[in-house]
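Participant:
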Amino acid sequence: MNTLIALNRVNKSFAQAANNDAVLKDIDLTIDDGESIAILGPSGSGKSTLLSIIGLLDEPCKGEYLLRTENVTSLTKKQKSQLRNRHIGWIFQNFNLIASMTVLENVIQPMRFNADIKPAEYIARAQSVLAQVGLADKSNSTPDKLSGGQQQRVAIARALINEPALILADEPTGNLDQKTGEEVMNLLLSLSAQGTTLVIVTHDENVALRCQRKIRILDGQVTYDGE
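In case it helps, the working numbering puts the sequence shown at residues 4 to 230.
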């Protein structure tokens with residue numbers, strides 16, 4: 004497999020009053036193309052901070068981050084935003100859909116920041132991805148007209164629209180009932196089976212068991228990395 008991401012001695016601290024609260028401590032981690040990975044740990048362990056760094060929403064205080072062998076640590080915010088838009092799809096527990104937009108408009112939104120996609124392609128691409136997640140008939144609905152599972156499928160479609168190499172999911176089943184959560188996991192793992200790298204932060208051991216690899220975080224350090 005080819006290495007998609009490599010983190011070398013990554014540290015993260017947040018300034019709180021006179022103290023620096025260390026959230027991540029000397030994290031060494033590689034992620035290969037096509038892997039499905041669950042990141043587990045108690046609240047406050049650093050797992051969501053780690054995901055935010057991997058997803059270029061946050062940056063380490065120290066250490067090196069390589070994406071496809073490119074050191075992204077020293078890039079500008081604009082450069083990181085462009086990389087994130089083209090290579091990384093985000094899925095959140097609370098869906099983060101824009102309430103005033105239709106399903107189709109929500110899915111189209113990331114393409115507006117991707118210069119490689121022509122506006123004339125927006126609708127056809129969005130409709131194709133919505134069909135992929137089983138929502139072809141919901142294009143003109145607004146998020147408030149959808150169930151939680153349907154809203155998460157819209158979020159998945161939005162994450163897929165720029166054909167990213169990496170999907171990051173932060174507690175993607177956390178607001179869903181068990182049956183709907185299983186359906187969402189089946190969809191995410193089917194993407195992994197097609198070659199998309201999938202990294203999920205979860206508290207759910209059943210979700211983690213379905214991933215190829217488990218990474219456990221405790222007090223900002225990796226305590227386990229294996230099957």
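Cβ coordinates follow ideal geometry from the N, Cα and C atoms, glycine included.
DSSP three-state call for S39: helix, strand or coil?
Facilitator: For this step, residue 39 is matched to residue 36 along the sequence shown. Reduced to three states, the DSSP call for S39 is strand.
Participant: Check whether the Cβ atoms of V13 and G66 sit closer than 8 Å, and answer yes or no.
Facilitator: As a working note, residue 13 is residue 10 in the sequence shown. As a working note, residue 66 is residue 63 in the sequence shown. Yes, Cβ-Cβ distance for V13 and G66 is below 8 Å.
Participant: Reducing DSSP to helix, strand and coil, say where I34 ends up.
Facilitator: To locate residue 34, count along the sequence shown from 1; it is residue 31. In this structure, I34 counts as strand in the three-state DSSP scheme.
Participant: Tell me Q2's beta-bridge partners as DSSP assigns them.
Facilitator: The structure shown does not extend to residue 2, since the chain is modelled only from 4 to 230, so the question has no answer here.
Participant: Are at least three pairs of beta-carbons, each pair with one atom in the segment 194 to 209 and one in the segment 25 to 43, less than 8 Å apart?
Facilitator: The segment 194 to 209 is in contact with the segment 25 to 43.
Participant: Less than 8 Å between the beta carbons of G229 and R216, yes or no?
Facilitator: Looking up residue 229 in the sequence shown gives position 226. Looking up residue 216 in the sequence shown gives position 213. Closer than 8 Å, so yes.
Participant: Where does K28 sit, in a helix, a strand or coil, going by DSSP?
Facilitator: What you label residue 28 is simply residue 25 of the sequence shown in a count that begins at 1. Strand at K28.
Participant: Can you tell me the Cα-Cα spacing of T72 and K28, whole angstroms?
Facilitator: Taking the sequence shown and counting its residues from 1, one reaches residue 72 at position 69. Taking the sequence shown and counting its residues from 1, one reaches residue 28 at position 25. C-alpha separation (whole angstroms): 22 Å.
Participant: Determine the direct distance from the alpha carbon of L163 to that of G189, and round the result to whole angstroms.
Facilitator: For this step, residue 189 is matched to residue 186 along the sequence shown. For this step, residue 163 is matched to residue 160 along the sequence shown. Position check: residue 189 holds Asn in this sequence, whereas Gly was assumed. Going by the C-alpha atoms only, they are around 15 Å apart.
Participant: Buried or exposed: R161, going by 16 or more other Cβ atoms within 10 Å of its Cβ?
Facilitator: On the sequence shown, position 158 is the one that residue 161 refers to. Answer is buried; the Cβ neighbour count reaches 16.
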